[in-house]
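First comes the structure, then the notes that go with it.
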Amino acid sequence: MIWTIRDLKKKARKLLKNCYWPAVAVCLLTTMLTGWIGSAGIGIGRIQAENASGLEMSEQRMRELKDDLKDRNPIAEYKISIVQKQLNLLVFVFAVTASIVIVVLGLLVIFCIGNPVKVSSKRFFMCNRKRTANIGMILYVFRNHYTMHVTAAMFYRTVSIIGHGLLLVVPGIIKHYEYSLIPYILAENPTMQYKRAAQLSTKMSEGQKMAMLKMDLSFLFWEIAGIFSLGLVSVFYTMPYREFAKAGLYEVLRQNALADGVCDSTELPGFETDLAYKCRIYEIFRKKLWFC
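Quick note on numbering that gives the first Met the number 0: the sequence shown kicks off at 0 and runs consecutively.
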């Protein structure tokens, strides 16, 4: 099935009109949870700033005391020096400990809450292409007890993308688009193993990465508008608009994969109904064949 950016965006605008406010709410919740690391970074910055300010003030005060006692009592000057070093060490340890705690909490929120919500949001947008889905769909992964599996799969995806990005920028970008369909695949079949989801995403995005990049660049104007509007345009238009367009792209690539025999309907059963039971049956059947 051939697709064009214009057609996908045209359909996305039409779908957005049909469920505007639920789509905005889902995007807002997803962004708040997956963007927690930014808040953690702000918190770390504040702690470091307060730490530096506190050290500067303590050192200045100690210097004044030293000058006052320099000619009066050498022993007191020595004791003050020891107290100063201990105080600096205590403040440093507190700042480092608080920073680590904030980072760990932020990562836990992103991976254990943000990623399952992100996958559930993909299901929300896919479901709304053919039927009306309520905002409660954002809890799909939690409600059907797929949290640990989805969290682990999304963690492996993130590590793989970051790992390639650390080598060179271009391999990181390629890997990003190569694995960009994994959240949609997990949203359709949350029981699928990460290795198989990665294989499917790689195969489905084969020969499509440049077109996918162009599609992202086509939203550049709206991204800039979001910056100048302090994020209002992004929240109330760009994000839900882009999500519907990407959902349409996944639908096309999914149909192509099924038509080419890359996968079958047992692996990608669709979004029309709650397929938790069907997916569990498929996994049980597959494991029995493996043991046989």
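The beta-carbon is built from N, C-alpha and C at its ideal position, and this holds for glycine as well.
| Item | Value |
| --- | --- |
| Report the rounded CA-to-CA distance for E268 versus V232, giving the unit in angstroms. | In the sequence as displayed, the identity of residue 268 is Pro instead of Glu. Spanning the two alpha carbons is a distance of roughly 35 Å. |
| Taking only three categories from DSSP, how would you classify W221? | helix |
| A130 lies in the alpha helix (DSSP H); which residues open and close that run? | According to the sequence displayed, residue 130 carries Arg and not Ala. Taken as a continuous stretch (DSSP letters only), R130 belongs to no alpha helix (DSSP H), as it is neither H nor E. |
| Please state the DSSP three-state secondary structure of F270. | coil |
| Secondary structure at S159, three-state DSSP: helix, strand or coil? | helix |
| Under three-state DSSP, which class holds D259? | coil |
| Could you compute how far the alpha carbon of V116 sits from the alpha carbon of P182? | 10 Å |
| According to the neighbour-count rule (16 or more other Cβ atoms, all chains shown, within 10 Å of its Cβ), is K160 buried or exposed? | Lys is not the amino acid found at residue 160; the sequence shown has Ile there. Under this definition I160 is a buried residue. |
| Contact between the stretch 215 to 233 and the stretch 179 to 198 is defined here as three or more beta-carbon pairs at a separation below 8 Å; is this criterion met? | no |
| Between which residues of its own chain and A224 is the CB-CB distance below 6 Å, once the five residues before and five after are set aside? | V232 |
| Just tell me which of K202, L229, E222, S228 has its CA closest to the CA of T237. | E222 |
| Pairing CB atoms from the stretch 23 to 30 with CB atoms from the stretch 128 to 138, are three or more of them under 8 Å? | yes |
| Pick from C126, V168, C111: whose alpha carbon is nearest that of A246? | C126 |
| Looking only at C-alpha atoms, which of L86, V100, L165, M153 sits nearest to A196? | M153 |
| Would you kindly report the start and end of the unbroken alpha helix (DSSP H) that includes I109? | Note, I109: premise wrong, no alpha helix (DSSP H); not H, not E. |
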